[in-house]
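J.: One structure coming up, written as structure tokens, with questions to follow.
Protein chains: 2
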Amino acid sequence: MTLGLIAGGGDLPRAVAESVRAEGRGVFVVALRGMCGDWASDFPNTMVALGEPGHALKALKNAGATEVLLAGRVERPKFSELKLDAKGVMVLPRVIAAARQGDDALLRVLTNLFESEGFRAVGVAEAAPGLVAREGALGRLVPNEDHKADIARAFAIVRALGALDVGQAAAVCEGLALAVEAAEGTDAMIARIAQLRDNLRGTRDKKRGVLVKALKPTQDAKTDMPVIGAETVRRAAEVGLGGIALEAGKSLIVDKRAVAAEADRLGLFVVGVLP
Amino acid sequence: MTLGLIAGGGDLPRAVAESVRAEGRGVFVVALRGMCGDWASDFPNTMVALGEPGHALKALKNAGATEVLLAGRVERPKFSELKLDAKGVMVLPRVIAAARQGDDALLRVLTNLFESEGFRAVGVAEAAPGLVAREGALGRLVPNEDHKADIARAFAIVRALGALDVGQAAAVCEGLALAVEAAEGTDAMIARIAQLRDNLRGTRDKKRGVLVKALKPTQDAKTDMPVIGAETVRRAAEVGLGGIALEAGKSLIVDKRAVAAEADRLGLFVVGVLP
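In order, the protein sequences belong to chains V and Z.
Numbering-wise (this note's numbering), the first sequence opens with residue 1089 and increments by one.
Numbering-wise (this note's numbering), the second sequence opens with residue 1089 and increments by one.
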């Protein structure tokens, strides 16, 4: 049973593809042009532009895929510049209307499109359960009491923002909200913590504060769970954060062994919690 | 009846001092060291460090002030490095406990300190009513229907964030949350919109999206109303925003004439709304 993987940017799609292949299943990658990395050539694949859903559907059917999974970052197109195939022309009005309501509505429309063509839409947790964050610490360090209070506050912030479809992440240091994610994405959000005066935040030598990343209540866990990897740990360490907390069961970790090793090397905790 | 103005950073304290003086009242400025600008020397003043509330109280009493107003940005001190006078030693534990709960709690403790010494704490709206944003547009332009939808969404975001004492501002462009303010402050938040790909946002030539700044529900309008000035209009124009919306009656505009002129020159609207 082949999985059709519609792959955007970032490390998640490759991690999913490798995890699915490691379990002996076939994977066919629909690589989104300009977003999906070169790794797609390690798998049977086709490349499509965002305006070509007809092309994607045909390739998936030819490959014998019965399930589809959307994974990775998809950048909002300039709708006026999209090159459309016939199917694209048909669905564009719905897509534009959904885009105005936010990223989550946009993803739901795309998922519905594949389902209406007879595919079953699956989530990462189902296709690649090894990537899902579990409760407890990964690596040697655990949050202290200050960290726990900051984790609770950051979860409250992410939940409030998520309910409005704003972002997935926030950083808090001893009660102060250091940074909150909107359209810039988590990496840029973490990086700008370095701009804050260093009595508000930790440093590489004396780490303080936490990063929390969590599913938005409006988000479909099938298409868009929060993801971290070893690079996220390095970025958090760089700006002096003491650790990272994720919602257990509802977020993903690419290469858990590498994340644990990097957390131990840099002196951060990485923890899955049930908030 | 002399007003004691405890002045932090930014343009607000000076605007308040000049507005109060223009109405024929006396002003005595307690300039916070390292935060308040040089303008304080235009008024009877004393300079105090954050750890010297005893010094501030004495100077205010000597100056015959009966009312006090805290205005402007106050940066969180490194409590371990504060040089304290006797009064500072007494109140420090309360201040540190409040600081852990956020900026608003911190300001409330400071206000309470002055009230317990017999001063009446007043707000900017009372001391300098000319600075308060009124309903309607300042300048020639008004928001269109797209802008109005973005204003409503940005107010919802700011309100949710404000309830958690995170920040006062957000920028939204055609439904997409471009940026949300936390510890970095509004200027830095606006500036980073320039980093987003230009199909997500407007440009100087074709402006799109709005900035909204509003009082946090946890905030005391006496001490910490949101403020904009001509510089805010220039920054918003620079990153391609179409306009700025404020909550009428609960936000401040430094130099309304200059703000209207700058908005007209750059092609933005500035509007007070009752959300």
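Glycine included, every Cβ here is placed at the ideal spot set by N, Cα and C.
As the structure is a computational prediction, the values presented were derived from the model and not from experiment.
So does the segment 1153-1167 of chain V actually touch the segment 1090-1098 of chain V, counting three or more Cβ pairs closer than 8 Å?
T.: yes
J.: Inspect the beta-carbon positions of valine 1347(Z) and valine 1358(Z) and report whether they are closer than 7 Å.
T.: Position 259 of the second sequence, counting from 1, holds the residue named residue 1347(Z). Position 270 of the second sequence, counting from 1, holds the residue named residue 1358(Z). Result yes, Cβ atoms of valine 1347(Z) and valine 1358(Z) sit closer than 7 Å.
J.: Less than 8 Å between C-beta atoms, sequence neighbours within five positions excluded: which residues of the same chain meet that for leucine 1226(V)?
T.: Locating residue 1226(V) in the first sequence gives position 138, counting from the first residue. Excluding sequence neighbours, leucine 1226(V) sits near Ile1341, Lys1344, Val1347, Ala1348, Ala1351, Val1358, Val1359 and Gly1360.
J.: Counting only the same chain and skipping the five closest in sequence on each side, list residues whose C-beta sits under 7 Å from that of aspartate 1275(Z).
T.: Translated into the one-based positions of the second sequence, residue 1275(Z) becomes position 187. Counting only Cβ-Cβ distances below 7 Å, and skipping sequence neighbours, we find Arg1323.
J.: Can you pull the chain V residues whose beta carbon is under 8 Å from the beta carbon of isoleucine 1245(Z), in chain order?
T.: Sequence index remark: in the second sequence, residue 1245(Z) carries index 157 (1-based). Those are Leu1249, Leu1252 and Val1254, listed as they occur along chain V.
J.: Under DSSP, the alpha helix (DSSP H) around glutamate 1233(Z) begins and ends at which residues?
T.: On the second sequence, position 145 is the one that residue 1233(Z) refers to. Segment 1233-1251, the alpha helix (DSSP H) holding glutamate 1233(Z).
J.: Are alanine 1159(V) and proline 1217(V) close, meaning C-beta to C-beta below 7 Å?
T.: For this step, residue 1159(V) is matched to residue 71 along the first sequence. For this step, residue 1217(V) is matched to residue 129 along the first sequence. No, these two residues do not count as a Cβ contact at 7 Å.
J.: Determine, using beta-carbon pairs with one atom in the segment 1171-1184 of chain Z and one in the segment 1114-1123 of chain Z, whether at least three such pairs fall under 8 Å.
T.: no
J.: Check for me: the beta strand (DSSP E) holding threonine 1154(V) runs from which residue to which?
T.: Numbered from its first residue, the first sequence carries residue 1154(V) at position 66. Looking at the DSSP string, the run of the beta strand (DSSP E) that includes threonine 1154(V) is 1153-1159.
J.: Around the C-beta of serine 1168(Z), are 16 or more other C-beta atoms found within 10 angstroms, so that it is buried, or is it exposed?
T.: Indexing the second sequence from 1 puts residue 1168(Z) at position 80. By the 10 Å Cβ count, serine 1168(Z) comes out exposed.
J.: For a contact meaning CB atoms closer than 9 Å, what does leucine 1266(Z) contact in chain V?
T.: Here residue 1266(Z) corresponds to residue number 178 of the second sequence, with the count starting at 1. Within 9 Å Cβ-Cβ: Ala1270, Ala1271 and Glu1272.
J.: Does the separation of the CB atoms of valine 1212(V) and alanine 1270(Z) fall below 7 Å?
T.: For the purposes of this step, residue 1212(V) is identified with residue 124 of the first sequence, where counting begins at 1. For the purposes of this step, residue 1270(Z) is identified with residue 182 of the second sequence, where counting begins at 1. In this structure, alanine 1270(Z) does not lie closer than 7 Å to valine 1212(V) by Cβ.
J.: Could you give the residue range of the beta strand (DSSP E) that holds asparagine 1287(Z)?
T.: Here residue 1287(Z) refers to the residue found at position 199 when the second sequence is read from its first residue. Segment: none, asparagine 1287(Z) is in no beta strand (DSSP E) and carries neither H nor E.
J.: Let me check understanding here. Comparing Cα to Cα, which of Leu1303(V), Arg1353(V) and Asp1293(V) lies closest to alanine 1318(V)?
T.: Working through the first sequence from its first residue, we reach residue 1318(V) at position 230. The residue with the shortest Cα to Cα distance from alanine 1318(V) is Arg1353(V).
J.: Determine the DSSP secondary structure at lysine 1175(Z), reduced to helix, strand or coil.
T.: Here residue 1175(Z) refers to the residue found at position 87 of the second sequence. The answer is helix: DSSP assigns lysine 1175(Z) an H, G or I state.
J.: Tell me whether phenylalanine 1167(V) sits in a helix, a strand or coil according to DSSP, three-state version.
T.: On the first sequence, residue 1167(V) is found 79 positions in, with the first residue counted as 1. It is helical.
J.: I want to know whether the segment 1128-1140 of chain Z touches the segment 1235-1248 of chain Z - three or more CB-CB distances under 8 Å.
T.: A contact is defined here as three or more CB-CB pairs under 8 Å, and the segment 1128-1140 of chain Z fails this definition with respect to the segment 1235-1248 of chain Z.
J.: Is glycine 1263(V) close to chain Z? Criterion is C-beta to C-beta, closer than 7 Å.
T.: Locating residue 1263(V) in the first sequence gives position 175, where the first residue counts as 1. Yes, contact with chain Z.
J.: Please look up how many angstroms separate the CB atoms of methionine 1123(Z) and glycine 1096(Z), rounded, as I've assumed it's under 8 Å.
T.: Along the second sequence, one-based indexing puts residue 1123(Z) at 35. Along the second sequence, one-based indexing puts residue 1096(Z) at 8. Between glycine 1096(Z) and methionine 1123(Z) the Cβ distance is about 5 Å, and since that is below 8 Å, they are a contact.
J.: With 16 other CB atoms within 10 Å as the buried threshold, where does asparagine 1232(V) fall?
T.: Residue mapping note: residue 1232(V) aligns to position 144 of the first sequence, counting from 1. Sixteen is the threshold: since fewer than 16 other Cβ atoms of the shown chains lie within 10 Å of the Cβ of asparagine 1232(V), the residue is exposed.
J.: Report the CB separation of glycine 1290(V) from glycine 1331(V) in whole angstroms; it is logged as a contact under 8 Å.
T.: For the purposes of this step, residue 1290(V) is taken as the residue at position 202 of the first sequence. For the purposes of this step, residue 1331(V) is taken as the residue at position 243 of the first sequence. About 10 Å separates the two Cβ atoms, so there is no contact after all.
J.: Regarding arginine 1247(Z) and the ligand GTP, is the C-beta to nearest heavy atom distance less than 6 Å?
T.: In terms of ligand content, the structure shown is empty, and the ligand GTP therefore cannot be addressed.
J.: What are the residues that DSSP puts in a beta bridge with asparagine 1133(Z)?
T.: As a working note, residue 1133(Z) is residue 45 in the second sequence. Residue pairing by DSSP places asparagine 1133(Z) opposite Val1117(Z) in a beta bridge.
J.: Could you spell out the range, first to last residue, of the alpha helix (DSSP H) harbouring threonine 1306(Z)?
T.: Position 218 of the second sequence, counting from 1, holds the residue named residue 1306(Z). Here threonine 1306(Z) belongs to no alpha helix (DSSP H), and DSSP marks it neither H nor E.
J.: Taking 7 Å as the CB-CB limit, is arginine 1109(Z) close to chain V?
T.: As a first step, residue 1109(Z) must be located in the second sequence, where it is residue number 21. Output row for arginine 1109(Z): interface = no.
J.: Taking the alpha carbon of arginine 1222(Z) as the reference point, which residue from Val1104(Z), Val1108(Z), Leu1194(Z) and Ala1333(Z) has its own alpha carbon closest?
T.: On the second sequence, residue 1222(Z) is found 134 positions in, with the first residue counted as 1. For arginine 1222(Z), the nearest C-alpha among the options comes from Ala1333(Z).
J.: By DSSP, does glutamate 1205(Z) sit in helix, in strand, or in coil?
T.: In the second sequence, counting from the first residue as 1, residue 1205(Z) sits at position 117. Glutamate 1205(Z) falls in the coil class under three-state DSSP.
J.: Considering only C-alpha positions, which residue in the set Leu1145(Z), Glu1335(Z), Ala1137(Z) and Ser1339(Z) is nearest to phenylalanine 1207(Z)?
T.: Numbered from its first residue, the second sequence carries residue 1207(Z) at position 119. If we check each option's Cα against that of phenylalanine 1207(Z), Leu1145(Z) comes out closest.
J.: Counting only Cβ pairs nearer than 8 Å, list the residues of chain Z close to lysine 1301(V).
T.: Residue numbering aside, residue 1301(V) sits at position 213 when the first sequence is read from its first letter. Near lysine 1301(V) there are no residues of chain Z at all, since even the closest Cβ is about 15 Å away, more than 8 Å.
J.: Look at the alpha carbon of proline 1372(Z) and the alpha carbon of asparagine 1133(Z), and state the distance between them as a whole number of angstroms.
T.: The requested residue 1372(Z) does not occur in the structure, where chain Z is confined to residues 1089 to 1363.
J.: Mind pulling the alpha helix (DSSP H) runs of 4 or more residues that sit fully within the segment 1305-1356 of chain V?
T.: Counting whole runs of 4 or more residues, the segment 1305-1356 of chain V contains the alpha helix (DSSP H) stretches 1318-1326 and 1344-1354.
J.: Are the CB atoms of alanine 1302(V) and isoleucine 1281(V) nearer to each other than 7 Å?
T.: Along the first sequence, read from residue 1 onward, the residue named residue 1302(V) stands at position 214. Along the first sequence, read from residue 1 onward, the residue named residue 1281(V) stands at position 193. The Cβ atoms of alanine 1302(V) and isoleucine 1281(V) lie no closer than 7 Å to each other.
J.: So with CB distances below 8 Å, who are the chain V contacts of asparagine 1232(Z)?
T.: Taking the second sequence and counting its residues from 1, one reaches residue 1232(Z) at position 144. Correct list: empty, because the minimum Cβ distance to chain V is about 15 Å.
J.: If I'm right that glycine 1255(V) touches alanine 1265(Z) with Cβ under 8 Å, what's the distance once you round it to whole angstroms?
T.: Along the first sequence, read from residue 1 onward, the residue named residue 1255(V) stands at position 167. Along the second sequence, read from residue 1 onward, the residue named residue 1265(Z) stands at position 177. Confirmed, Cβ separation roughly 7 Å.
J.: Quick one: what's got a C-beta closer than 6 Å to methionine 1135(Z)'s C-beta in the same chain, skipping five residues either side?
T.: Here residue 1135(Z) refers to the residue found at position 47 of the second sequence. For methionine 1135(Z), where only same-chain residues beyond five positions count, the Cβ hits under 6 Å are Ala1119 and Arg1121.
J.: So the beta strand (DSSP E) leucine 1299(V) belongs to, where does it begin and stop?
T.: Here residue 1299(V) is taken as the residue at index 211 of the first sequence, counted from 1. Here the beta strand (DSSP E) through leucine 1299(V) covers 1298-1301.
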